[in-house]
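Quick note: the sequence shown, position 180, residue 169 per our numbering, numbers continuous.
Working notes, beginning with the structure itself.
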Amino acid sequence: MNVALILSGGTGTRLGAEVPKQYLEVEGRPIISFAVERLAKHKKIDVIWIVADREWQDRILKWISQYDPERKFRGFSAPGENRQLSILNGLEGMREIVDHGDLVLIHDAARPLISSKLITDCLEGIQEYDGVLPVLPMKDTVYASADGKRISSLLDRNCIFAGQAPEVFRFGIYYEANKRLLPEAILKVNGSTEPAVMAGMNIAMIRGDENNFKITTRGDLERFQEIAKGFQ
């Protein structure tokens, strides 16, 4: 079974909006609905689970009734103190409906332009691996700085990649990798794949999608608003 875990617990403070960015309306619908719809329509996604604050859950249910016609949604989990604890809460919540070898696809509600091809590539790319991470190569020259003020060294951009979502993991081994980081180490995790790497899991990289950007700043929102104007 393939479960999509949608993270919708962020507050979106960097955007400066009155509501979390994933609930802002674009072209008459909340941003989260775009990711829900694209995942719900994908034939290889069997179940959808959402991490969201309780105050938004009733509204999400109303949106799901419109954008999840196959009724793949199964439940909510509460957000955690940071993104990785939100993921762990989601994994805990879905434990009763998944098996050790099932796949969990982790995606951000604020990445509305996830494509069917990228979903397929992630699910097919795992094969003999423990997980899959879509990445983009670095286009610019990349430097390291020890103090944030001066250049310490030049990095080889051919060996550096920017990670995206969704990431896909085998449920059981990934769940245990996160549990081992409790109670404090998990608070320092910045990316979904980090616990997997720390646990020695075998993670494959596949080509990401430049259109699959995360809405973080006002500029990102305006970019998506322009793209969404072309949706039917």
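Quick reminder that beta carbons are idealized off the backbone N, C-alpha and C, glycines included.
Supposed close pair I216, L102 - CB separation, criterion 8 Å: So it is a contact: roughly 7 Å between Cβ atoms.
Unbroken stretches of the beta strand (DSSP E), 3 residues or longer, contained in the stretch 60 to 114: Taking only runs of at least 3 residues, the beta strand (DSSP E) segments lying wholly in the stretch 60 to 114 are 62 to 66 and 92 to 97.
Could you check where the beta strand (DSSP E) with L(-6) kicks off and where it finishes? Per DSSP, L(-6) belongs to the beta strand (DSSP E) from N(-9) to S(-3).
Restricting to Cα atoms, I'd like to know which of E7, Q46, D35 and K32 is closest to R22. In the sequence as displayed, the identity of residue 22 is Ser instead of Arg. Residue Q46 is the option with its Cα nearest to S22.
Inter-residue spacing [alpha-carbon to alpha-carbon] between T182 and L122: Cα to Cα, the separation comes out at about 7 Å.
Answer yes if the stretch 132 to 145 comes into contact with the stretch 71 to 88, meaning at least three C-beta pairs across the two stretches below 8 Å, and no otherwise. Result no; under three Cβ-Cβ pairs closer than 8 Å.
Does the distance from the C-beta atom of L92 to that of V157 stay below 9 Å? At a Cβ-Cβ threshold of 9 Å, L92 and V157 count as neighbours.
What number of angstroms, rounded off, separates the C-alpha of L210 from the C-alpha of Y12? Looking at the two C-alpha atoms, the distance is approximately 12 Å.
Under 9 Å, do G197 and A151 count as touching if we go by C-beta distance? Judged by beta-carbon spacing, A151 lies within the 9 Å limit of G197, meaning their Cβ atoms are closer than that value.
May I have the straight-line CA-CA distance separating E117 from I49, to the nearest angstrom? CA-to-CA, the gap between E117 and I49 works out to about 35 Å.
With H, G and I counted as helix, E and B as strand and the rest as coil, what does DSSP make of F158? In the structure shown, F158 sits in a strand (DSSP, three-state: E or B).
Considering I20, what are the terminal residues of the alpha helix (DSSP H) in which it resides? Unbroken alpha helix (DSSP H) run through I20: I20 to K30.
Suppose you measure from the CA of E70 to the CA of K128; what does that come to, to the nearest Å? Each residue's Cα considered, the two are about 33 Å apart.
For V186, name the three-state secondary structure that DSSP assigns. If DSSP states are grouped into helix, strand and coil, V186 belongs with the helices.
Pull the bridge partners of P126 from the DSSP assignment, please. Its beta-bridge partners are F150.
Where do the ends of the alpha helix (DSSP H) carrying Y118 lie? Element bounds for Y118: n/a, residue is neither H nor E.
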